[in-house]
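Read through the structure below, which is laid out as structure tokens, and then see the notes.
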Amino acid sequence: MKQPACLIGGFPYNAAMFMKRHGPPGASPATLSPHLVDGKIRKPAIQVIEYDKDSIEERDVTDIAELAGHLDNRKVTWINIDGLGDVEALTLLGEKFNIHPLALEDVLNTGQRPKVENSADYVFIVAQMVYQDKRRTICGEQVSFFLGKNFLITVQEEGDYDVFEPVRERVRAGRGTIRKAKADYLAYALLDSIIDHYYPVLEAIGNVIEDLEDDLLDKPSREMIHTLHEHKRSLSQIRRFVWPLRDVVNALLHDPSGLIASNTKIYLRDCYDHTVQLMDLVESYRELTSGLMELYHSSVGLRTNEVMRVLTVITSIFIPLTFIVGVYGMNFAPADTSGRALPLNMPELYQPHGYIWLMAFMAATAIVQLIIFKKMKWL
Amino acid sequence: MKQPACLIGGFPYNAAMFMKRHGPPGASPATLSPHLVDGKIRKPAIQVIEYDKDSIEERDVTDIAELAGHLDNRKVTWINIDGLGDVEALTLLGEKFNIHPLALEDVLNTGQRPKVENSADYVFIVAQMVYQDKRRTICGEQVSFFLGKNFLITVQEEGDYDVFEPVRERVRAGRGTIRKAKADYLAYALLDSIIDHYYPVLEAIGNVIEDLEDDLLDKPSREMIHTLHEHKRSLSQIRRFVWPLRDVVNALLHDPSGLIASNTKIYLRDCYDHTVQLMDLVESYRELTSGLMELYHSSVGLRTNEVMRVLTVITSIFIPLTFIVGVYGMNFAPADTSGRALPLNMPELYQPHGYIWLMAFMAATAIVQLIIFKKMKWL
Amino acid sequence: MKQPACLIGGFPYNAAMFMKRHGPPGASPATLSPHLVDGKIRKPAIQVIEYDKDSIEERDVTDIAELAGHLDNRKVTWINIDGLGDVEALTLLGEKFNIHPLALEDVLNTGQRPKVENSADYVFIVAQMVYQDKRRTICGEQVSFFLGKNFLITVQEEGDYDVFEPVRERVRAGRGTIRKAKADYLAYALLDSIIDHYYPVLEAIGNVIEDLEDDLLDKPSREMIHTLHEHKRSLSQIRRFVWPLRDVVNALLHDPSGLIASNTKIYLRDCYDHTVQLMDLVESYRELTSGLMELYHSSVGLRTNEVMRVLTVITSIFIPLTFIVGVYGMNFAPADTSGRALPLNMPELYQPHGYIWLMAFMAATAIVQLIIFKKMKWL
Amino acid sequence: MKQPACLIGGFPYNAAMFMKRHGPPGASPATLSPHLVDGKIRKPAIQVIEYDKDSIEERDVTDIAELAGHLDNRKVTWINIDGLGDVEALTLLGEKFNIHPLALEDVLNTGQRPKVENSADYVFIVAQMVYQDKRRTICGEQVSFFLGKNFLITVQEEGDYDVFEPVRERVRAGRGTIRKAKADYLAYALLDSIIDHYYPVLEAIGNVIEDLEDDLLDKPSREMIHTLHEHKRSLSQIRRFVWPLRDVVNALLHDPSGLIASNTKIYLRDCYDHTVQLMDLVESYRELTSGLMELYHSSVGLRTNEVMRVLTVITSIFIPLTFIVGVYGMNFAPADTSGRALPLNMPELYQPHGYIWLMAFMAATAIVQLIIFKKMKWL
Amino acid sequence: MKQPACLIGGFPYNAAMFMKRHGPPGASPATLSPHLVDGKIRKPAIQVIEYDKDSIEERDVTDIAELAGHLDNRKVTWINIDGLGDVEALTLLGEKFNIHPLALEDVLNTGQRPKVENSADYVFIVAQMVYQDKRRTICGEQVSFFLGKNFLITVQEEGDYDVFEPVRERVRAGRGTIRKAKADYLAYALLDSIIDHYYPVLEAIGNVIEDLEDDLLDKPSREMIHTLHEHKRSLSQIRRFVWPLRDVVNALLHDPSGLIASNTKIYLRDCYDHTVQLMDLVESYRELTSGLMELYHSSVGLRTNEVMRVLTVITSIFIPLTFIVGVYGMNFAPADTSGRALPLNMPELYQPHGYIWLMAFMAATAIVQLIIFKKMKWL
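Chains as they are written, first to last, in our numbering: chain Y, 51 to 429; chain R, 51 to 429; chain W, 51 to 429; chain C, 51 to 429; chain X, 51 to 429.
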């Protein structure tokens with residue numbers, strides 16, 4: 051089973067997502083190499099849905115070559131490829147649909163920045179999807195679109211979670227405008243689904259952060275800081291995905307190719323608003339994490355200060371007193387070795403009320419100190 | 051009773067305001083779902099005011115369908131809907147006024163960024179209002195405007211506070227230009243009222259912050275930092291509302307639809323100045339909170355330093371003295387167990403002035419140390 | 051006597067300057083309300099100067115109505131109004147000179163951002179002046195200009211300090227180009243005077259900051275941090291005044307109204323350079339205050355570290371020694387209660403050179419520790 | 051052997067790279083001075099490759115003069131010069147290919163910002179290459195390109211690592227488009243190779259940083275901070291190389307000279323995406339290092355706090371107890387020197403259960419303190 | 051002897067450089083006042099060089115009036131004025147060359163931002179030069195250029211260091227293009243010389259900073275922080291000089307006046323690259339100083355932590371032991387004053403192996419603590 055790049059949870063770090071796959075330096079451009087899952091090449095799952103207003107046909111295809119004669123100009127053909135293991139199949143697909151090898155390279159080298167590229171025959175879109183897997187780890191996955199006049203090819207990394215399923219259901223059900231519209235609306239619907247999937251992930255991060263906020267002032271711990279740091283990184287990563295995604299939607303809004311109908315653009319504008327809202331949300335959480343970091347520092351600083359004050363007060367009171375009692379613990383003898391009296395050697399010890407006077411003096415000292423500390427607001 | 055999103059005061063946090071409502075990922079766009087108040091759908095209150103220079107008519111409507119035939123071209127019709135509980139009513143309204151379903155979706159999914167959208171028949175404006183409720187909690191509420199040629203539809207969340215009342219009074223009283231002007235001036239007046247409501251909220255935040263300033267240097271506490279943090283968050287949130295609000299006013303100023311008269315634009319320019327001033331104010335307070343945070347850190351750092359100095363001075367003076375008196379508390383015997391004299395064992399104890407010399411030596415040590423600490427500016 | 055908003059020195063804070071006066075939310079726009087000084091309305095002082103190359107006439111006017119017929123097209127008429135207490139006078143003035151009520155509202159609602167507004171008949175300029183009063187408090191005051199073809203109306207808050215006096219002197223003396231030029235040159239001369247007044251204020255702030263710099267490393271105190279913080283705020287405020295002032299001058303430089311002669315624009319360009327220079331100066335000081343804050347933190351951190359080192363060294367040396375002498379202060383008896391010898395109970399006490407050996411051992415311990423601390427660079 | 055400027059690893063610092071070579075102030079422009087390696091001038095290695103679709107010819111040239119008549123218009127001529135020691139050779143080259151002296155000066159004064167300059171006969175490109183040498187030190191090297199119609203001159207600093215070798219191999223093998231294309235594609239291929247070489251360097255930095263992350267919370271040390279600081283500097287430096295490199299590629303993409311074929315521009319766009327991705331990666335790591343720095347501060351702050359708490363708890367418990375036992379270690383005598391009883395002098399010492407009561411009292415004191423500390427969450 | 055404004059080294063601070071000279075607020079514009087050196091007006095040194103390709107003539111002039119008839123159209127006339135003490139001379143110069151009084155004012159009011167101003171007859175350039183004087187203090191000096199068709203007037207502050215000397219030498223020697231070119235090339239050569247002089251200054255700062263880097267981790271001191279702070283300020287100041295200098299060169303590159311030949315612009319582009327490189331260098335060093343500040347904080351924080359750990363370990367081990375030996379130093383009597391045995395009073399003291407058992411117990415306690423501290427990684 052494939053393990054997609056996870057943002058939180060340790061190993062494949064966020065920065066790594068961007069550089070995950072690149073060929074050896076100086077290699078020929080557009081050199082395609084298959085994705086290995088646990089070191090093995092796996093056949094991708096290919097699904098074809100053809101539909102128009104009235105009919106819909108779904109089938110699974112095992113060989114790209116089968117697709118060849120099937121494109122019906124009056125229908126929308128959606129080819130979804132799940133998995134990046136079969137380079138030959140992709141090359142074949144590229145030849146059939148006249149896709150530039152550099153675009154195919156971008157499909158395989160996952161970790162691309164979201165982008166739009168216009169070509170004579172198609173619009174090439176790369177997006178990054180984010181979702182939480184079953185263990186609530188935040189995972190990312192690259193999705194590539196080739197949007198043509200009456201077809202849409204989508205290529206996903208092979209994941210155990212399929213963000214396209216709700217859209218597929220809508221196509222099947224034939225509700226709304228989706229079946230009446232062209233491939234461009236389908237592309238919009240899928241992009242919108244990808245964007246919508248950012249919300250629950252951000253909500254989850256938001257919940258964790260807000261839980262932290264209460265605990266931070268109460269009892270700051272190393273674990274909290276670590277969690278905060280991890281979530282900050284996740285937010286950075288999501289930010290790095292959403293910023294260019296906004297540009298992608300904007301580029302589609304101003305698409306000059308004519309592949310995107312003006313009616314679809316109204317929906318894309320809505321989509322654009324969502325990406326702006328996502329950015330707002332991400333920035334808001336980032337600001338919040340910074341604020342919490344600061345709160346944490348303040349909290350620790352103040353705690354250290356409090357601890358120090360207690361230490362200082364106790365030490366300041368008892369160290370002098372201990373010295374005083376030490377004085378009267380000295381063994382200066384009342385007489386020298388030959389028995390002659392030494393009346394100046396600690397005569398206090400032989401006073402009738404020496405002990406009581408001393409105790410009173412020490413109590414007074416302590417009380418005066420307490421008053422001073424009180425005045426200095428150290429207590 | 052509905053409880054709108056509150057900025058300060060804990061529960062529905064500011065970031066949350068933006069994401070409050072969004073459908074399940076992958077759902078069909080423009081899917082409308084009603085706002086629930088305490089889990090129940092509530093009928094919205096619909097009020098219609100029709101007026102021109104000479105006459106004014108106010109009535110409450112329970113059914114949107116009633117509105118149908120009532121639009122009088124020579125008068126301004128202001129339809130105010132209070133509450134988002136009735137999806138069917140909104141759909142009906144949308145059909146009647148030819149409103150795009152995506153706009154209606156934005157009305158229902160509160161927490162939108164303020165924005166302007168132009169359509170053939172109307173200008174759609176979303177704004178975020180901020181006010182303090184009775185318990186002085188800062189609350190936010192989305193207000194949507196549909197400004198047409200001779201009508202204005204406003205949709206508010208159902209709140210116990212109505213920011214439109216002063217404008218309604220002005221319409222009733224017929225003072226100023228409001229009754230002579232068209233729907234665009236009414237929209238301006240309402241927007242202006244929304245913007246004006248930011249001032250007292252900011253003033254309240256400002257007062258709290260300035261009260262904090264005095265206390266921070268005096269006696270910094272964890273509560274202050276928490277308050278500061280909370281207000282910083284509120285300011286962030288307000289900032290996130292005002293920035294796009296400025297863009298909204300600016301977009302209206304350069305509105306190409308012809309719905310906004312050039313005379314109204316003079317007033318909108320004044321409005322624009324107010325949003326710029328608000329931004330200035332927000333940035334000013336944000337800078338101030340950062341400055342206070344820094345002041346706090348400085349204050350705590352200096353306090354810790356002072357506490358440490360006291361601790362160190364007292365310890366440095368008394369620990370050596372305690373050691374010395376400890377020495378003369380040792381029981382080295384003047385004679386061994388068989389009674390032979392051990393003249394090298396602490397002969398000081400048997401000197402006639404041993405005790406006095408020792409006391410003098412210790413006093414001298416302490417005084418020298420005090421002088422050194424004085425020179426090092428630790429006292 | 052009026053007390054204008056002061057930047058430093060406590061009470062009416064800088065942010066407050068911007069919000070000082072705004073009507074109740076939702077109020078009709080252009081509602082004018084008089085400035086109260088100590089709760090009373092005071093008549094403004096109105097001064098009229100009419101001059102051309104050859105002649106000059108100065109008079110004080112008590113009633114705006116008097117002004118009516120006096121405008122001489124061949125001369126420059128400068129009407130200076132000192133004080134904002136008389137709303138009716140201003141309204142009359144507005145009617146006479148065809149001034150928009152919103153502009154009058156901006157005149158009365160002091161604390162506006164500096165700005166330029168073009169109108170058919172005049173250019174409306176708002177600027178913020180800064181000066182030090184007799185007690186060296188930094189004060190701010192709004193100055194409004196209405197520049198027409200052959201007149202200039204200036205409205206100041208009623209202050210005990212008049213920045214226009216030097217210009218008035220120049221007009222009287224008839225030196226330079228001022229008497230030969232039109233009202234636009236007069237406006238330039240007054241603006242230039244306002245801008246020039248920022249320099250001594252910044253110089254005063256700069257002197258305080260540089261004095262602080264020397265003291266900060268020497269003996270940081272809470273007062274210094276507070277002063278630094280106060281000046282940082284003043285700089286923020288001044289910055290908020292100068293930035294838009296620069297835009298004001300720039301807007302005048304590119305004024306399309308034709309009211310500003312190209313010859314005057316050469317002088318305005320000089321003025322523009324001054325605002326840029328002011329900004330440089332303000333940014334420079336802001337950077338300096340931040341640097342000082344950092345210096346302060348470093349200084350306190352290092353001081354705490356030094357104090358700690360002294361504490362640790364003294365404690366580390368004397369605490370173990372105190373323990374050792376404590377050991378030989380124990381009263382383990384050489385014989386049990388029945389008088390039987392207990393030879394294992396502290397036999398050291400009965401050695402002939404026990405005391406001397408112990409003292410030597412303790413001295414050695416202390417010396418070794420000193421050497422270790424020296425090596426660790428703690429001393 | 052030449053030692054190129056190393057980013058990490060101490061001596062020739064990153065800032066130094068930029069200023070490495072500049073003439074004495076006021077010197078005549080375009081004054082060329084040779085690079086010295088260990089104080090000696092070394093002859094550069096010159097290699098010429100001429101190729102077209104069908105043939106390829108490689109030869110080493112010792113004298114630039116030899117090159118003169120060899121330029122074949124139908125073939126691509128790639129002249130690679132390794133080493134900057136021979137000013138005369140460069141001057142000769144400059145004369146032959148009509149290169150401006152200022153461009154030659156930039157070739158020799160390594161440490162230039164990456165840039166593109168258009169000239170009538172050629173496009174002059176400066177790029178900065180980064181690689182890790184055998185000791186895993188990150189090294190930088192300037193590479194200059196002169197791209198003409200059918201020739202490409204590349205000048206490298208004399209390094210023991212040649213980033214061009216993979217491209218040379220591709221040219222020799224004749225795979226892909228490289229042999230079919232013109233000099234512009236060759237220039238692209240070399241630039242691409244330079245850009246590709248940034249990835250493994252960043253990967254290496256990334257690995258070190260991520261290793262640090264685990265250790266930082268566990269046991270922060272001075273070495274870690276130093277490593278972090280070093281890598282931050284390297285990232286700064288790489289950033290300073292990649293930003294303008296992006297502009298270089300962008301400038302080539304919009305090259306007006308006609309030297310770059312539109313087909314090559316497709317590949318350059320891919321190249322451009324890589325530079326953007328590199329920037330993302332660099333920014334990502336920079337953010338990460340800042341985050342780690344903050345984590346480190348938090349970790350140290352918390353550790354200090356914990357240490358302080360332990361110190362305070364132990365001190366607070368034992369110092370008062372030590373005082374108490376000190377009291378009963380005082381030698382107040384039960385009788386004065388003449389033997390008269392002093393019944394008020396420490397009568398506790400003569401109580402039958404005095405010792406036991408005292409021990410119980412001290413145990414109780416300690417237990418109460420432990421409970422208090424537990425409640426204050428100091429334990 | 052004049053003492054120019056010094057950046058480092060205390061007295062006339064960098065911010066001061068910008069405000070050094072400005073007239074009293076409200077003064078007439080273009081009021082010229084002479085520079086006083088030690089309170090006295092000094093005559094400036096005026097040097098005239100006239101040259102063309104074939105000839106060169108140098109002479110010193112004492113009176114500006116002498117210059118009047120000397121301008122030869124076929125030659126380049128370079129008038130260099132050293133010192134700002136003679137207002138009349140400058141006024142005369144201004145009249146002769148038709149220079150605007152505001153430009154002359156800028157010449158006298160040193161501390162201007164570098165700028166270019168176009169006039170009908172000349173281009174007016176202000177630049178700020180930086181150099182190190184004999185005591186290695188960094189000094190700044192304003193240089194003003196008036197570039198006309200066949201003349202160049204340069205005005206410097208009167209300094210003991212002349213940055214123009216190398217250029218003068220080149221003119222005399224007649225090497226390179228300088229004698230063949232017009233006044234524009236001379237202006238370029240002088241500007242280039244000014245820009246070149248920034249490099250050694252930055253190099254000097256860089257060396258100091260890099261020396262600091264090694265010491266900071268080793269043994270941070272207050273002096274280092276102060277030096278760092280000083281250099282940060284110098285860098286700020288230099289940055290404030292170089293940024294507008296870049297704009298100056300850029301403005302000259304796009305000069306519309308026709309005074310600058312296209313051939314000279316190639317050299318100016320080189321000049322522009324140098325200013326960009328300078329900016330890179332300055333930013334690089336600024337980043338480095340910030341990094342060092344952070345390093346310093348980390349270092350101090352960690353040191354404090356280490357010191358605390360040692361203190362805590364030693365205290366935790368010895369304070370309890372001291373308490374224990376204190377217990378057995380108590381004088382609870384084995385019998386009451388009447389001689390009756392009190393068997394519960396410290397019977398341990400009368401055990402045969404009491405002392406040894408106690409010593410063993412204390413050793414065990416200490417060892418256990420050491421193990422615990424080892425486990426907590428405090429040792």
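A virtual CB, placed ideally from N, CA and C, is assigned to each residue, including glycine.
- Chain C has a Cβ within less than 8 angstroms of the Cβ of Y:I364.
- By the neighbour-count criterion, in which 16 or more other beta carbons inside 10 Å mark a residue as buried, X:G308 falls on the exposed side.
- By a beta-carbon distance limit of 8 angstroms, C:Y405 contacts X:M396. Their separation comes to about 5 angstroms.
- Inclusion of W:P402 and R:L392 in the CB contact set at 8 angstroms is warranted, their separation being smaller than that value.
- The Cβ atoms of X:Q97 and X:D113 do not sit closer than 8 angstroms to each other.
- Shown here, Y:W428 sits in coil according to DSSP, grouped into three states, outside any helix or strand.
- Between the region 284–291 of chain W and the region 351–371 of chain R there are fewer than three C-beta pairs closer than 8 angstroms, too few to call the two in contact.
- Residue pairing from DSSP leaves Y:I114 without any beta-bridge partner.
- Listed in chain order, the beta strand (DSSP E) runs fully inside the region 198–277 of chain X are 201–206, counting runs of at least 3 residues.
- Taking a contact as a CB-CB distance under 8 angstroms, the pair R:S194 and R:V180 does not count as one, their CB atoms being some 16 angstroms apart.
- W:N148 sits exposed, since fewer than 16 C-beta atoms from the chains shown fall within 10 Å of its C-beta.
- Minimum Cα-Cα distance from C:V326 among the listed residues C:V251, C:E219, C:W293, C:V357 corresponds to C:W293.
- In the structure shown, C:A95 falls within a strand segment according to DSSP collapsed to helix, strand and coil.
- By the CB criterion at 8 angstroms, C:A177 and C:E167 fall outside the cutoff.
- Bridge pairing for R:T127: R:E100, R:F201 [DSSP].
- Pairing C:L240 with C:V217 gives a Cβ-Cβ distance under 8 angstroms.
- For W:S83, the closest alpha carbon among the candidates W:E138, W:N123, W:T372 is that of W:E138.
- Annotation for C:Q182: the continuous beta strand (DSSP E) segment containing it runs 173–182.
- Cα atoms of C:D246 and C:I106: separation of roughly 26 angstroms, rounded to the nearest angstrom.
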